[in-house]
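What follows is a short report on a single structure.
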Amino acid sequence: MFKTKTKILQLTVTLTACTFLLVPMILSVMAGVTANYFQGISSGLTLKWVFRVWELYADSIFLSMWLAITCLIATLIIGLPAAYGLARHPGWLSRLLEEFISLPLAVPGLALALALLQLYGSMKGFRASWTFILVGHVLYTLPFMVRSILAVLASMDLKTLEEGAASLGASPWQRFRDIVVPNAMPGILAGALTVVTLSIGEFNLTWMLHTPYLKTLPVGLADSYASMRLEVASAYTLVFFVLIVPLLMAMQWASARAQRISQ
Amino acid sequence: MVSGESEAGWAIYLDILRKPRYLNTLVLTVLVSLATTVAALAISTTAGMFLSRNRFKGRGILLSIMTLPLAFPGVVIGFLIILLGGRQGLVNQITPGHVVFAYSVVGLFLGYLYFSIPRVLLTVMAAAEKLDPELEEAARTLGASPYRVVVNVILPGLMPSLVAAGAIAFATAMGAFGTAFTLATNIDVIPMVIYTEFTLSANIAMAAALSIVLGIVTWALLLIARSLSGTTVAAGG
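From first to last, the protein sequence lines are chains A and B.
First residue of the first sequence? That's 3 in my numbering, and the numbers climb one at a time after it.
First residue of the second sequence? That's 29 in my numbering, and the numbers climb one at a time after it.
Have a look at this one:
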């Protein structure tokens, strides 16, 4: 099938890259279900490490899910009206605002976290609560929600649709509910899945913002990498994979769909 | 703004260039990031062109494998590199002698590469889909060698996307904290120095100054990337 030299070379590079990416994932999954990784697979397969992870870190898994859901709600409440406003009033001011919302995309999470700590670190009650981490997550994921919705809204003739509805007597709220939201749905879905995937996997910000009593899944992972035996760390990573991989696939499917619609 | 309020005032930014510790860190971070960018571009452009120009059995699986790491935080990638090159790692087990590279610059480079390959691949593939294959065929019928086709037809067509993807890879590597956190226990790269200045030395002014420099650099790079390709990829890691 691949006859020319160039194609064989390309295929070799592709396969090498795939091996490089896949082998450590397989190692991690294997190590998580092997009784003793040092002795190898001959020591037997077991789920005891997964149960051990559940005993040790179930809290972190639930906290991450809770954060992802609240973060999704917050980004929807802020992001949907924001995207609608930006789409209805195109111009340099909207461009500037969009750029401003997108800043957290470009600035490393570590720098964002430092800024948040400087600003709110002295407010003890807030600093120690889970809402502090939530603020960081919302800041980081909001641009994805806004851009995802904006891309879909910008591709259609929102103004004409709304004028049509208004001439038939629809109130602004009815227009928003019955016209804007249904039309933006592919963008909302893609944005929502992106927000949840990113929130569950977020480490850079969260590591700086977390307290010993509030560990999210990735923070717990870092903790287990530093202090647990390899099997436990691997089993924990396995749990993370099981959560994140379906989310990633759903996100890619929804994003491709939203992109097709907005073209 | 905190960076300007310490005793050193705004001169703290000069300290980054004057003090060897910070300057060496800066140079090392830039070098590792550059190496990552070049390697990721070479690998992902080759693979991306191949995957977008050929339809074959298993293509979907290869593509899934190569985009899967998009959802992995830097810490997880660091751990995966430890499984490859750590003390109990695969390489150390299957090769004679003691081969541990996870905690060296090589490990860090591989971690950043792991992070960058999927991101560059997606940017390149999006651009390759828009590239007209007839141009390549025309060049071939005119007698151009495969090498000439790549250099004179494909690369110029992909160039804006390659610059964009390169800027994304570079900016991500510069700011990658999670990977460095697990691997760079003995290596000073900027995110690690910011972290230790802040938590261990309580040198908040320096941490803030370094973050601002880092933030401006990555922001400017991603602005270039976006104006050239219109893609949005998070600078996490």
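Cβ atoms here follow ideal geometry from the backbone N, Cα and C, with glycine treated the same way.
If residue 146/B sits next to residue 94/B, beta carbons under 8 Å apart, how far is it from one beta carbon to the other, in whole angstroms?
Mapped onto the second sequence, residue 146/B falls at position 118. Mapped onto the second sequence, residue 94/B falls at position 66. At roughly 6 Å, the Cβ-Cβ gap stays under 8 Å, so residue 146/B and residue 94/B are in contact.
Along chain B, which residues have their Cβ under 7 Å away from the Cβ of residue 8/A?
Translated into positions along the first sequence, residue 8/A becomes position 6. The contacting residues are 174.
Listed by chain order, chain A residues near residue 161/B by CB distance under 7 Å:
Working through the second sequence from its first residue, we reach residue 161/B at position 133. Per Cβ cutoff of 7 Å: no residues; residue 161/B is ~14 Å from chain A at best.
Which residues bound the alpha helix (DSSP H) around residue 43/A?
On the first sequence, residue 43/A is found 41 positions in, with the first residue counted as 1. That residue, residue 43/A, is in no alpha helix (DSSP H); it is neither H nor E in DSSP.
Identify, in the order they occur along the chain, each residue of the same chain with its Cβ nearer than 6 Å to the Cβ of residue 264/A, setting aside the five sequence neighbours on each side.
As a working mapping, residue 264/A is identified with position 262 in the first sequence. Counting only Cβ-Cβ distances below 6 Å, and skipping sequence neighbours, we find 153, 154, 157.
Three-state class that DSSP yields for residue 196/A in the structure shown:
Taking the first residue of the first sequence as 1, we reach residue 196/A at position 194. Helix.
Mapping DSSP to helix, strand and coil, what is residue 29/A?
The sequence position of residue 29/A within the first sequence is 27, counting from 1. Three-state result, residue 29/A: helix.
What are the boundary residues of the alpha helix (DSSP H) that includes residue 127/A?
Within the first sequence, residue 127/A is the residue found at index 125, counting from 1. Residue 127/A: member of the alpha helix (DSSP H) spanning 126-129, first to last residue.
By the three-class DSSP mapping on this structure, what secondary structure does residue 36/A have?
Against the first sequence, residue 36/A aligns to sequence position 34. In the structure shown, residue 36/A sits in a strand (DSSP, three-state: E or B).
Please name the residue, chosen from 106/B, 184/B, 225/B, 78/B, that lies closest to residue 7/A on a Cα-to-Cα basis.
Here residue 7/A refers to the residue found at position 5 of the first sequence. Residue 78/B is the option with its Cα nearest to residue 7/A.
Bridge-paired residues (DSSP) for residue 213/A
Translated into positions along the first sequence, residue 213/A becomes position 211. DSSP, once it has assigned bridges, lists 216/A as partnering residue 213/A.
Taking all protein chains shown into account, do 16 or more other C-beta atoms lie within 10 angstroms of the C-beta of residue 322/A, making it buried, or fewer, making it exposed?
In the structure as shown, chain A begins at 3 and stops at 265. Residue 322/A is therefore absent and cannot be evaluated.
Identify the contact partners of residue 39/A in chain B, using a Cβ-Cβ distance below 9 Å as the criterion.
Looking up residue 39/A in the first sequence gives position 37. Simply 116.
Residues of the region 217-230 of chain B with Cβ closer than 7 Å to any Cβ of chain A, in chain order
219, 222, 223, 226
Counting pairs of Cβ atoms below 8 Å between the region 182-191 of chain B and the region 78-87 of chain B, do you hit three or more?
Because the criterion of three Cβ pairs below 8 Å is not met, the region 182-191 of chain B and the region 78-87 of chain B do not touch.
How about residue 132/B: is its C-beta nearer than 8 Å to some C-beta of chain A?
The residue given as residue 132/B occupies position 104 in the second sequence. It does not; no Cβ of chain A falls within 8 Å.
Where residue 40/A and residue 25/A are concerned, what is the direct C-alpha to C-alpha distance, given to the nearest angstrom?
Taking the first residue of the first sequence as 1, we reach residue 40/A at position 38. Taking the first residue of the first sequence as 1, we reach residue 25/A at position 23. About 17 Å.
Interface partners of residue 20/A on chain B, CB under 7 Å
On the first sequence, position 18 is the one that residue 20/A refers to. In chain order, 90, 93, 94 make up the part of chain B whose C-beta sits under 7 Å from the C-beta of residue 20/A.
The alpha helix (DSSP H) that contains residue 106/A, what's its start and end?
For the purposes of this step, residue 106/A is taken as the residue at position 104 of the first sequence. In this chain, the alpha helix (DSSP H) harbouring residue 106/A covers 94-108.
Where does the unbroken alpha helix (DSSP H) through residue 115/B begin, and where does it stop?
Residue mapping note: residue 115/B aligns to position 87 of the second sequence, counting from 1. No alpha helix (DSSP H) holds residue 115/B; DSSP gives it neither H nor E.
Under the three-state DSSP convention, the category residue 204/A falls into
Along the first sequence, read from residue 1 onward, the residue named residue 204/A stands at position 202. Residue 204/A: coil per DSSP, three-state reduction.
Since I believe residue 108/A is in contact with residue 282/B (beta carbons under 8 Å), could you give me their beta-carbon distance rounded to a whole number of angstroms?
Nothing about residue 282/B can be read from this structure; chain B reaches only from 29 to 265.
Roughly how many angstroms separate the alpha carbons of residue 196/A and residue 136/A, rounded to a whole number?
Reading the first sequence from its first residue, position 194 is the one you call residue 196/A. Reading the first sequence from its first residue, position 134 is the one you call residue 136/A. Between residue 196/A and residue 136/A, the C-alpha separation is close to 16 Å.
Taking C-beta pairs closer than 8 Å, name the residues in chain B that residue 246/A reaches, listed in chain order.
Residue 246/A sits at position 244 when you count from the first residue of the first sequence. Listed by position along chain B, the residues whose Cβ is nearer than 8 Å to that of residue 246/A are 99, 100.
Using a Cβ-Cβ distance cut-off of 8 Å, determine whether residue 12/A contacts chain B.
Position 10 of the first sequence, counted from the start, is the residue given in the question as residue 12/A. By the rule that beta-carbons nearer than 8 Å mark a contact, residue 12/A touches chain B.
Can you give me, in chain order, the residues of the region 97-114 of chain A that have a beta carbon less than 8 Å from any beta carbon in chain B?
104, 105, 107, 108, 109, 110, 111, 112, 113
Spell out a yes or no on whether the region 69-76 of chain B and the region 11-30 of chain A are touching, meaning 3 or more CB-CB pairs, one atom from each, closer than 8 Å.
yes
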